[in-house]
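These protein sequence lines are chains A and B, in that order.
The opening position of the first sequence corresponds to residue -2 in my numbering, with each subsequent residue numbered one higher.
The opening position of the second sequence corresponds to residue -2 in my numbering, with each subsequent residue numbered one higher.
Structure record follows, encoded as structure tokens.
Number of protein chains: 2
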Amino acid sequence: MIGEFELIKKLTAILKEDTIGDDTAYIKIGDKGLNITCDAFLEDVHFLIHYPPESLGFKAISINVSDIVANGGKPLYGLISLMIPDYIEERFLERIYEGVKAACEFYSLKIVGGNVSKASKLGIDVFLIGEVDRFVSRNGALVGDDVLVTGTLGDSYAGFKLLTSKKAYEEYELRLIERHLRPTARIDYINHIRKYANASMDISDGLSSDLWHIAERSNVVIEINKDKIPISNELKIFASKNHLDPYEIALSGGEDYQLLFSQKKEHFNPFLDNTVIGKVIDKGRALVLMDGKELERKGFDHFKKR
Amino acid sequence: MIGEFELIKKLTAILKEDTIGDDTAYIKIGDKGLNITCDAFLEDVHFLIHYPPESLGFKAISINVSDIVANGGKPLYGLISLMIPDYIEERFLERIYEGVKAACEFYSLKIVGGNVSKASKLGIDVFLIGEVDRFVSRNGALVGDDVLVTGTLGDSYAGFKLLTSKKAYEEYELRLIERHLRPTARIDYINHIRKYANASMDISDGLSSDLWHIAERSNVVIEINKDKIPISNELKIFASKNHLDPYEIALSGGEDYQLLFSQKKEHFNPFLDNTVIGKVIDKGRALVLMDGKELERKGFDHFKKR
Chain A
-2 MIGEFELIKK LTAILKEDTI GDDTAYIKIG DKGLNITCDA FLEDVHFLIH YPPESLGFKA
58 ISINVSDIVA NGGKPLYGLI SLMIPDYIEE RFLERIYEGV KAACEFYSLK IVGGNVSKAS
118 KLGIDVFLIG EVDRFVSRNG ALVGDDVLVT GTLGDSYAGF KLLTSKKAYE EYELRLIERH
178 LRPTARIDYI NHIRKYANAS MDISDGLSSD LWHIAERSNV VIEINKDKIP ISNELKIFAS
238 KNHLDPYEIA LSGGEDYQLL FSQKKEHFNP FLDNTVIGKV IDKGRALVLM DGKELERKGF
298 DHFKKR
Chain B
-2 MIGEFELIKK LTAILKEDTI GDDTAYIKIG DKGLNITCDA FLEDVHFLIH YPPESLGFKA
58 ISINVSDIVA NGGKPLYGLI SLMIPDYIEE RFLERIYEGV KAACEFYSLK IVGGNVSKAS
118 KLGIDVFLIG EVDRFVSRNG ALVGDDVLVT GTLGDSYAGF KLLTSKKAYE EYELRLIERH
178 LRPTARIDYI NHIRKYANAS MDISDGLSSD LWHIAERSNV VIEINKDKIP ISNELKIFAS
238 KNHLDPYEIA LSGGEDYQLL FSQKKEHFNP FLDNTVIGKV IDKGRALVLM DGKELERKGF
298 DHFKKR
């Protein structure tokens, strides 16, 4: 099977649409700009059935909010397509919806409908509509821009590894697990992205792969420095105890739902939890360099082995 | 497990939303009214994997267009969430998208994005946005209204039975199969529904069940006559050869994607393929009568046995 991104390209070529390639799609209704997105959250692909059901509902919403925010949108309305296998109890579904409700309150978002369907595995497919004054695409990075990320990277992957490898946890491990199970999308950055970002996306596949997405869509050369990548203390402890490189985890881990964006140097805001990890140094070709060498893409692709 | 409709009620009660209960959800963006919907189309639940892939793409779009139209909307934009198991070849996916493309052209609709995901079974979850000047709900039926359906009913169910029971077909059988595999949503009725319908929905679960939905949401008594239900010649032949009652098939079959609506008597338009099957005769309670007796609900419910 070909990779996920080539597949999307092939299928969208059939529809002859050129609007596909960002986290969300931009549409105009009257004089209002909207961005819309959907992201399926599926058992055994994105989560395991023994995870707390509230966290499944919360995360299914968060991963979609993250896409809306990445393009400068503010989430407004959503629908949920729920796929329910025989072995799921009604109480389990109610607990999923408790998580959905908590997420909707946190993000000021309203679920207005959806549908339920029998299925072989549990699936929560969420559709969101956001309003967006200025749609910030992946394709706007300019030479001279700083390249930034929000928060810290790699925690979610470490949390996932911990979740699937042991049963009793230390305090720092529980914090990593929490970041995997219940990521919060960066709605606090909506205004900043709208005003200042030239290119933006969320980090869902992994930093290395997502940097390449920006480089390719903007047709620019990005150079980053490995030691600038923000790493949490929890991830440092995890990596050290497991003899791993925390920067490698941050580059390839995925599911961080932090933002990756480029902006003019003067727009740096030191009060936010954002970090300059590199710069756009050239245009006319797509390339990502880390400390002077081409960066390998190691992000998540459903259809390829890691 | 409780039934599909009770389940939806329970889950939406958790979110405290009162807007759920129609084929689509109404939202207002600026001064524009929109209706949005999603309907999952899943392998082994809604289709079998040996069906022609083009028909899967076409039908996945049609069933969603049908929901938009049922509430008086005109479909504009869509997203597709594609769930792909290992055993699906790239060519099969391309053929699905050929069907999606044909549907988009037919319905003047644009797919602007979506996502692909690995899954255990094939799934096509479509999300549509329509524009709607006047949202026509299930809850507006008035005493004195005629109750009408478009087209003929029961063909799709007969087609499904033929598809799954034999391999070589006569001409009339192929026409029934075609109606199951590639239903066309009634976009030709958009203006009529917007102007004249007091209550409206599409017939996806089966006429008897869908009549009850209107009766309950409008809190009215509907009386219909069995022999008024429009039956195609193909279904008559099918029923007669198989010693079945074609009216029973029409009442319980489902997946017709015709419209069921109520309107004032004077709005009847004899140039359309619509048929008056009954009348709204009382209000203050929900009841459906057929030829003077309470009509049994025999529509499709995912979570109950037929």
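Here a beta-carbon is modelled for each residue, glycine too, at the ideal position from N, C-alpha and C.
Quick caveat: nothing in here was measured; it's all calculated off a predicted structure.
{"Check": "is_contact[residue 206 of chain B, chain A] using C-beta, thresh 7 Å", "Outcome": "no"}
{"Check": "The stretch 224 to 241 of chain B: positions lying closer than 7 Å to chain A by Cβ", "Outcome": "none"}
{"Check": "Neighbourhood of residue 156 of chain A by C-beta, 6 Å cutoff - its chain only, sequence neighbours within 5 removed", "Outcome": "173, 174, 176, 177"}
{"Check": "Delimiting residues of the beta strand (DSSP E) encompassing residue 89 of chain B", "Outcome": "No beta strand (DSSP E) holds residue 89 of chain B; the alpha helix (DSSP H) holding it covers 87 to 104."}
{"Check": "Neighbour flag for residue 154 of chain A against chain B, beta carbons, 7 Å", "Outcome": "no"}
{"Check": "Reduced DSSP secondary structure (H/G/I, E/B, other) of residue 40 of chain A", "Outcome": "strand"}
{"Check": "Partner residues on chain B for residue 31 of chain A, Cβ-Cβ distance less than 7 Å", "Outcome": "26"}
{"Check": "Residue 112 of chain B: contacting residues in chain A (beta-carbon distance under 7 Å)", "Outcome": "35, 36, 37"}
{"Check": "Assigned exposure category for residue 132 of chain B - 16 Cβ within 10 Å defines buried", "Outcome": "buried"}
{"Check": "Sequence-distant residues of the same chain with beta carbon closer than 6 Å to residue 129 of chain B, five excluded per side", "Outcome": "30, 32, 69, 70"}
{"Check": "C-beta neighbour in chain B for residue 109 of chain A, strict 7 Å", "Outcome": "yes"}
{"Check": "Residue 168 of chain B versus residue 203 of chain A - alpha carbon distance", "Outcome": "54 Å"}
{"Check": "Beta-carbon proximity list for residue 265 of chain B, same chain, < 7 Å, skipping 5 on both sides", "Outcome": "143, 273"}
{"Check": "Test item: CB-CB of residue 63 of chain B and residue 186 of chain B under 7 Å", "Outcome": "no"}
{"Check": "Beta-carbon proximity list for residue 170 of chain B, same chain, < 6 Å, skipping 5 on both sides", "Outcome": "159"}
{"Check": "The ligand SAH heavy atom lying under 6 Å from the CB of residue 226 of chain B", "Outcome": "Looking at this structure, you won't find the ligand SAH or any other ligand, since it has none at all."}
{"Check": "Of the listed residues B/270, B/183, B/19, B/275, nearest to residue 140 of chain B (C-alpha basis)", "Outcome": "B/275"}
{"Check": "Segments of 4+ residues assigned as alpha helix (DSSP H) that fall wholly inside the stretch 179 to 225 of chain A", "Outcome": "187 to 193, 204 to 215"}
{"Check": "Among B/126, B/85, B/91, B/87, nearest to residue 75 of chain B - alpha-carbon criterion", "Outcome": "B/126"}
{"Check": "Residue 167 of chain A (DSSP reduced to helix, strand or coil)", "Outcome": "coil"}
{"Check": "Residue 19 of chain B to residue 134 of chain B span [Cα, whole Å]", "Outcome": "6 Å"}
{"Check": "Boundaries (first-last residue) of the alpha helix (DSSP H) holding residue 243 of chain A", "Outcome": "243 to 249"}
{"Check": "Residue 302 of chain B to residue -1 of chain B span [Cα, whole Å]", "Outcome": "With a pLDDT of 43 at residue 302 of chain B, under the threshold of 50, the predicted position of this residue should be treated as unreliable, though the coordinate-derived value follows. Spanning the two alpha carbons is a distance of roughly 11 Å."}
{"Check": "Listed by chain order, chain B residues near residue 122 of chain A by CB distance under 8 Å", "Outcome": "35, 37, 78, 122"}
{"Check": "Helix, strand or coil at residue 305 of chain B according to DSSP, with G and I counted as helix", "Outcome": "No answer is possible for residue 305 of chain B: the residues shown for chain B start at -2 and end at 303."}
{"Check": "Residue 94 of chain A at chain B interface by Cβ criterion, 7 Å", "Outcome": "yes"}
{"Check": "Cα-Cα separation between residue 252 of chain A and residue 57 of chain B, rounded to whole angstroms", "Outcome": "29 Å"}
{"Check": "Within-7 Å CB hit, residue 42 of chain A to chain B", "Outcome": "yes"}
{"Check": "Nearest-angstrom Cα separation, counted from residue 122 of chain B out to residue 246 of chain B", "Outcome": "28 Å"}
{"Check": "Residue 33 of chain A, DSSP secondary structure in three states", "Outcome": "strand"}
{"Check": "Proximity below 7 Å, CB of residue 205 of chain B to CB of residue 249 of chain B", "Outcome": "yes"}
{"Check": "Alpha-carbon to alpha-carbon, residue 153 of chain A and residue 277 of chain A", "Outcome": "27 Å"}
{"Check": "Contact with chain B by residue 117 of chain A, beta-carbon distance below 7 Å", "Outcome": "yes"}
{"Check": "For residue 271 of chain A, the nearest candidate out of A/189, A/179, A/214, A/236 (CA to CA)", "Outcome": "A/189"}
{"Check": "C-beta contact flag for residue 72 of chain B and residue 48 of chain B at 7 Å", "Outcome": "no"}
{"Check": "Nonlocal neighbours in the same chain, by C-beta distance under 6 Å from residue 294 of chain B, ignoring five residues either side", "Outcome": "205, 206, 209"}
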